[in-house]
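Numbering (the numbering used here), first residue to last: 3 to 153. Glycine residues also receive a C-beta, built at the ideal position from the N, C-alpha and C atoms.
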Amino acid sequence: MNFIQNFASTREHQCRIDLGRFKPRKYPAEYSVDDRFPVVDVETNVTRMKKHYICEATRIVDKAKFIHKAPFVIVDVGKISASMTELPDPLYIGEYTYNLSAGINNTNQHFTAIIKAQGGTYYHFDDTNRLGCVIHDRRMLVELALYVLQL
3 MNFIQNFAST REHQCRIDLG RFKPRKYPAE YSVDDRFPVV DVETNVTRMK
53 KHYICEATRI VDKAKFIHKA PFVIVDVGKI SASMTELPDP LYIGEYTYNL
103 SAGINNTNQH FTAIIKAQGG TYYHFDDTNR LGCVIHDRRM LVELALYVLQ
153 L
């Protein structure tokens with residue numbers, strides 16, 4: 003998939019707003035009862051579990067949009083790291099197209115980067131390597147990906 007779903011379509015989710023302690027009268031939507039709703043007493047800073055009513059109405063959320071055109075985005079690859087060649091390139095976010103530029107990896111609390119050069123060659127940067135930047139052997143996985151806005 004080479005697009006971010008939230009930027010491509012509307013979606014639905016439950017409202018889940020707290021309606022309070024009292025049963026709603028003539029409420030226009032579904033609601034549920036949460037018998038263990040945490041309520042903090044601000045004077046004593048003690049949390050007690052109380053019965054509260056929760057809105058279960060379906061809400062339509064519009065497509066996500068950038069408020070300003072972002073020159074780059076950093077994308078979390080997910081719980082399972084990926085090879086640079088497995089990442090989508092280009093990536094479509096709403097009306098904008100972003101090109102994969104780099105990947106970031108955290109190994110033993112040390113960050114390294116894989117950089118995509120013009121022509122599609124990948125380089126692995128590691129400041130603990132005496133050469134600094136070497137041709138990427140495609141074995142290192144990345145956790146974050148850097149995409150740059152296509153002009």
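Runs of beta strand (DSSP E) lying entirely within the region 38-64, each at least 3 residues, in chain order: 48-57 and 60-63
Anticipated Cβ contact below 8 Å, R140 with S85, distance rounded: 6 Å
Sufficient close CB pairs (3 or more, under 8 Å) joining the region 38-54 to the region 110-130: no
Element boundaries [beta strand (DSSP E), containing L89]: Segment: none, L89 is in no beta strand (DSSP E) and carries neither H nor E.
Cβ pair Y149, N101 closer than 8 Å: yes
Between the CA atoms of V79 and E145 - distance to the nearest angstrom: 5 Å
Nearest neighbour of I6, chosen from H15, T99, K118 and G121 [CA to CA]: T99
Contact under 8 Å by Cβ, Y94 with C57: no
Cβ shell of K71 (< 8 Å), same chain only, five flanking positions each side left out: Y98 and L151
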